[in-house]
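Trainee:
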Amino acid sequence: MGFLRVAGNRMAPVILWFRRNLRLRDNAAVREAVETGHPIIPVYIASPDDAGGASRWWLHHSLAGLDAALRTQGTSLVIRSGSPPQQLAAIASATGADQLIFARRLEPFARSEERALENDLGDALDILSVDDSLLNPPERVMTQSATPYRVFTPFYRAASRLGEPASPDNSLPRLQAHEHGLDSLPLEALGLLPQSPDWAGGLRESWSPGEDGALARLDALPDAVLRYAEHRDRPDLDGTSRLSPHLHFGEISVRQVWAAVRAAESRGMAADSAEALLRQLYWRDFSYYLLFHFPRLPDAPLREEFERFPWVDDRELLEAWQQGRTGYPIVDAGMRQLWHTGWMHNRVRMIAASFLVKDLMIPWQQGAAWFLDTLVDADLANNSASWQWVAGCGTDAAPYFRIFNPTLQGQKFDPNGDYIRRWVPELTSGEVYPAPIVDHAEARDRALEAYQLVKAAR
DNA sequence: TGAAATGTTGGGGCG
DNA sequence: ACGCCCCAACATTTC
93 MGFLRVAGNR MAPVILWFRR NLRLRDNAAV REAVETGHPI IPVYIASPDD AGGASRWWLH
153 HSLAGLDAAL RTQGTSLVIR SGSPPQQLAA IASATGADQL IFARRLEPFA RSEERALEND
213 LGDALDILSV DDSLLNPPER VMTQSATPYR VFTPFYRAAS RLGEPASPDN SLPRLQAHEH
273 GLDSLPLEAL GLLPQSPDWA GGLRESWSPG EDGALARLDA LPDAVLRYAE HRDRPDLDGT
333 SRLSPHLHFG EISVRQVWAA VRAAESRGMA ADSAEALLRQ LYWRDFSYYL LFHFPRLPDA
393 PLREEFERFP WVDDRELLEA WQQGRTGYPI VDAGMRQLWH TGWMHNRVRM IAASFLVKDL
453 MIPWQQGAAW FLDTLVDADL ANNSASWQWV AGCGTDAAPY FRIFNPTLQG QKFDPNGDYI
513 RRWVPELTSG EVYPAPIVDH AEARDRALEA YQLVKAAR
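Per the working numbering, the first sequence starts with residue 93, numbered consecutively.
#1: Just how far apart, CA to CA, sit L285 and D275?
#2: Compare the beta carbon distance of H437 and P327 with 8 Å and say whether it is the shorter of the two.
#3: Can you tell me which of P230, A104, W291 puts its alpha carbon nearest to the alpha carbon of G434?
#4: Can you tell me whether DSSP reads I137 as helix, strand or coil?
#5: Do L394 and Q458 come within 8 Å of each other at the CB atom, strictly closer than that value?
#6: Let me check one thing: in DSSP terms, what residues is A195 bridge-paired to?
#7: Where does A161 land, buried or exposed, given buried means 16+ other C-beta within 10 angstroms?
#8: Can you tell me the Cβ-Cβ gap for D451 and A527, rounded? I've got them flagged as a contact below 8 Å.
#9: Could you pull out every residue in the same chain whose Cβ sits closer than 6 Å to the Cβ of S379, ignoring the five residues on either side in sequence?
#10: Pairs of beta-carbons, one from the segment 305-313 and one from the segment 161-179, closer than 8 Å: are there three or more?
#11: Quick check on this structure: which residue in W150, S225, W462, A216 has the alpha carbon closest to the alpha carbon of A121?
#12: Could you check how far apart the C-beta atoms of A195 and S259 are, in whole angstroms? I think they sit under 8 Å.
#13: Note down the Cα distance separating Y241 from V233, rounded to an integer number of angstroms.
#14: Does the distance from the CB of Y511 to the CB of V546 come in under 8 Å?
#15: Could you tell me the distance, in whole angstroms, from the CA atom of Q503 to the CA atom of F447?
#16: Indicate whether the contact test is met: 3 or more Cβ pairs, each with one atom in the segment 397-410 and one in the segment 246-264, closer than 8 Å.
#17: Name, in chain order, the residues that DSSP records as bridge partners for L636.
#18: Measuring alpha carbon to alpha carbon, tell me which of G360, Y525, L329 ends up nearest D424.
#19: Taking C-alpha atoms, which residue in L108, R376, A363, S365 lies nearest to R347?
#20: Among residues of its own chain, excluding the 5 on either side of A99, which ones have a beta-carbon nearer than 7 Å to its beta-carbon?
#21: Over what stretch of residues does the alpha helix (DSSP H) that includes L180 continue unbroken?
#22: Considering only the beta carbon of each residue, do L389 and M361 sit closer than 8 Å?
#23: Within this structure, are the beta carbons of E216 and A182 separated by less than 8 Å?
#24: What does the Cβ neighbour count give for T418, buried or exposed, with the cut at 16 atoms within 10 Å?
#25: Considering I107, what are the terminal residues of the alpha helix (DSSP H) in which it resides?
#26: Alpha carbon to alpha carbon, how far is Y374 from L227?
#27: Throw me the rounded Cβ distance for the P498 and I454 pair, which I believe falls under 8 Å.
#28: Closest to A445 by C-alpha separation, out of T128, W413, G305, would be which residue?
#29: Taking Cβ positions, are Q165 and L279 nearer each other than 8 Å?
#30: Note down, in chain order, each residue of its chain lying with its Cβ closer than 8 Å to the Cβ of V222, except the 5 sequence neighbours on either side.
#31: To the nearest angstrom, how far is the alpha carbon of R400 from that of L382?
#32: Drop a sphere of 10 angstroms on the beta-carbon of Q287, count the other beta-carbons inside from all chains shown, and report buried for 16 or more, exposed for fewer.
#33: Taking E322 as the reference, give the member of S263, A368, W462, L209 with the closest Cα.
#34: Looking at P265 and V126, is the spacing between their C-beta atoms short of 8 Å?
#35: Could you check what DSSP says for V516 in three-state terms: helix, strand or coil?
#36: Please determine, among G509, D465, Q429, the residue with the shortest C-alpha to C-alpha distance to E297.
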């Protein structure tokens, strides 16, 4: 494309629509916008999935960080709410912009947004959507018979054969500002922060949202996950990357994470740890892949026979689980860590989820909804795929009869009890701790019995 | 990226 | 010395 810097700069501006890619470095949409040589109007439009209390808190700070970074370059983020086609059309007609650039998203509502955009604005605007969020776009990994994979391992093999991702471009791009005079909502107007009460104290202590915070976490990666293969299942040890919320909001790219792992490997991180960590990135790809190919993933079981599973709708038990008073220390510790910090160790997520779905037989969708509301890394694809996996109704092999014993899991993965004592202080303080709300052995039998109905219906 | 039930083996106590 | 039993350790099967 010709690059002409016209005196006085009368070139039509480009709209750069930020979505779940709230960073400047190694951002394909930013790169495309910069390469046009045209002035850029950075835009964010409040979206229906700006949902979930903890996630909204994060989003506020991530947007604030992006806006601050843009302001150091003499521009700023135009913040709107409403339907993207309407808002973007209004911006285009007010500024004479003739091009729109954004990173593609894979969630069902986002895809229909993008279709509407193409329909409504495709004639007036040159629309460029780029693949940027995954190692591989979801269409690229298919079976021989051109159907989507349903099981992780074959997916992983096929995706790995496509090679490693490109090296990230970690330089800070320069965005040419455009004098647009557009209205922008103050960030506060989006109402993303908790008001009264302000429950975000634990979140503030635990996290630094935004691209700077993400890069700091990435810098800490080599130390944090040096022994990932041995430590990743130990909630008492702090051996995971804690990158999930940064990745969810696109404050860093998957390529940057990949490169950081490879770099750590070349400086002494064991190969098995590096591989295990990279494998997690493929799990993330797989979740989005499943959501793309099976858009009902968030609400309907992929194994249809589970529609007849006799789930129990019990508000009191659900609340006991949510509030961390099930009487099972490892479960309660996890649920309290979640409530306090907006995050839960992955091993404990599996244990807590298994308890809800199998011991209490409460529908997995209710657990998924709670996680979406309380996790700072709340992510429709990862959350839906993981809950279906735990519930045994997903495509992957996690048979329903695999039932976690919360006591054994605690002994195995929190052998000294450090984790449970940290989050359930009454265990040591002598305060009253609830008796188990169900007997695990009985609950297990009941769940297996219920599973017979599903099997018989198959 | 389970756990419990059931089966098998082998060492050691003991009559 | 030998067979019998107990039971822990490990393996396999089942849910």
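Here a beta-carbon is modelled for each residue, glycine too, at the ideal position from N, C-alpha and C.
Mentor: By the coordinates alone:
#1: Start at 1 with the first residue of the first sequence, and residue 285 comes out as number 193. Start at 1 with the first residue of the first sequence, and residue 275 comes out as number 183. Approximately 22 Å, taken between the alpha carbons.
#2: Translated into the one-based positions of the first sequence, residue 437 becomes position 345. Translated into the one-based positions of the first sequence, residue 327 becomes position 235. Yes; because the gap between Cβ atoms is below 8 Å, this pair is in contact.
#3: Here residue 434 corresponds to residue number 342 of the first sequence, with the count starting at 1. When C-alpha distances from G434 are compared across P230, A104, W291, the shortest belongs to W291.
#4: Position 45 of the first sequence holds residue 137. Note: I137 maps to strand in three-state DSSP.
#5: Start at 1 with the first residue of the first sequence, and residue 458 comes out as number 366. Start at 1 with the first residue of the first sequence, and residue 394 comes out as number 302. Result no, Cβ atoms of Q458 and L394 do not sit closer than 8 Å.
#6: As a working note, residue 195 is residue 103 in the first sequence. Answer is V222.
#7: In the first sequence, the residue the question calls residue 161 occupies position 69. Of the other Cβ atoms in all chains shown, 16 or more fall within 10 Å of the Cβ of A161; this residue is therefore buried.
#8: Residue mapping note: residue 451 aligns to position 359 of the first sequence, counting from 1. Residue mapping note: residue 527 aligns to position 435 of the first sequence, counting from 1. A Cβ-Cβ separation of about 14 Å leaves D451 out of contact with A527 under the 8 Å criterion.
#9: Your numbering for residue 379 matches position 287 in the first sequence. So the qualifying residues of the chain are A473, N474, A477.
#10: Inter-segment contact for the segment 305-313 and the segment 161-179 is absent: fewer than three beta-carbon pairs are separated by less than 8 Å.
#11: Residue mapping note: residue 121 aligns to position 29 of the first sequence, counting from 1. Sorting W150, S225, W462, A216 by C-alpha distance to the C-alpha of A121 places S225 at the top.
#12: Taking the first sequence and counting its residues from 1, one reaches residue 195 at position 103. Taking the first sequence and counting its residues from 1, one reaches residue 259 at position 167. At roughly 19 Å, the Cβ-Cβ gap does not stay under 8 Å, so A195 and S259 are not in contact.
#13: For this step, residue 241 is matched to residue 149 along the first sequence. For this step, residue 233 is matched to residue 141 along the first sequence. Straight-line spacing of the CA atoms in Y241 and V233 works out to 8 Å.
#14: To locate residue 511, count along the first sequence from 1; it is residue 419. To locate residue 546, count along the first sequence from 1; it is residue 454. In this structure, Y511 sits away from V546, with a CB-CB distance that is not shorter than 8 Å.
#15: Reading the first sequence from its first residue, position 411 is the one you call residue 503. Reading the first sequence from its first residue, position 355 is the one you call residue 447. Taking the straight line from one Cα to the other gives about 16 Å.
#16: The segment 397-410, when compared against the segment 246-264, does not touch it at the 8 Å Cβ threshold.
#17: Because the chain here runs from 93 to 550, residue 636 falls outside it and cannot be looked at.
#18: Taking the first sequence and counting its residues from 1, the one referred to as residue 424 is at position 332. Minimum Cα distance to D424 is reached at Y525.
#19: As a working mapping, residue 347 is identified with position 255 in the first sequence. The option with the nearest alpha carbon to R347 is R376.
#20: Taking the first sequence and counting its residues from 1, the one referred to as residue 99 is at position 7. At A99, the pLDDT of 40 sits below 50, so the modelled position is not reliable and the matter cannot be decided from this model.
#21: Numbered from its first residue, the first sequence carries residue 180 at position 88. 176-187 is the extent of the alpha helix (DSSP H) around L180.
#22: Numbered from its first residue, the first sequence carries residue 389 at position 297. Numbered from its first residue, the first sequence carries residue 361 at position 269. Taking 8 Å as the Cβ cut-off, L389 and M361 do not qualify as a contacting pair.
#23: Taking the first residue of the first sequence as 1, we reach residue 216 at position 124. Taking the first residue of the first sequence as 1, we reach residue 182 at position 90. With the sequence shown as reference, residue 216 is identified as Ala, and Glu is not the correct amino acid for it. Taking 8 Å as the Cβ cut-off, A216 and A182 do not qualify as a contacting pair.
#24: As a first step, residue 418 must be located in the first sequence, where it is residue number 326. The C-beta of T418 has 16 or more other C-beta atoms within 10 Å across all chains shown, which makes the residue buried.
#25: In the first sequence, counting from the first residue as 1, residue 107 sits at position 15. Boundaries for I107: no alpha helix (DSSP H) harbours it, while the beta strand (DSSP E) harbouring it runs 106-110, taken from the DSSP string.
#26: By 1-based counting over the first sequence, the position of residue 374 is 282. By 1-based counting over the first sequence, the position of residue 227 is 135. Roughly 8 Å separates the two Cα atoms.
#27: Counted from its first residue, the first sequence places residue 498 at position 406. Counted from its first residue, the first sequence places residue 454 at position 362. Between I454 and P498 the Cβ distance is about 15 Å, and since that is not below 8 Å, they are no contact.
#28: Here residue 445 refers to the residue found at position 353 of the first sequence. Looking at the Cα atoms, W413 is the closest of the given residues.
#29: Walking along the first sequence from the start, residue 165 turns up at place 73. Walking along the first sequence from the start, residue 279 turns up at place 187. With contacts defined by Cβ atoms closer than 8 Å, Q165 and L279 do not form a contacting pair.
#30: As a working note, residue 222 is residue 130 in the first sequence. Hits under 8 Å: A120, A121, E124, I193, F194, A195, R196.
#31: The sequence position of residue 400 within the first sequence is 308, counting from 1. The sequence position of residue 382 within the first sequence is 290, counting from 1. Whole-angstrom Cα-Cα distance: 22 Å.
#32: Mapped onto the first sequence, residue 287 falls at position 195. By the neighbour-count rule (16 or more Cβ atoms within 10 Å), Q287 is not buried but exposed.
#33: Position 230 of the first sequence, counted from the first residue, corresponds to residue 322. It is A368.
#34: One-based indexing of the first sequence puts residue 126 at position 34. One-based indexing of the first sequence puts residue 265 at position 173. Closer than 8 Å, so yes.
#35: One-based indexing of the first sequence puts residue 516 at position 424. The answer is coil: DSSP assigns V516 none of H, G, I, E or B.
#36: The sequence position of residue 297 within the first sequence is 205, counting from 1. Among G509, D465, Q429, the Cα nearest to that of E297 is on Q429.
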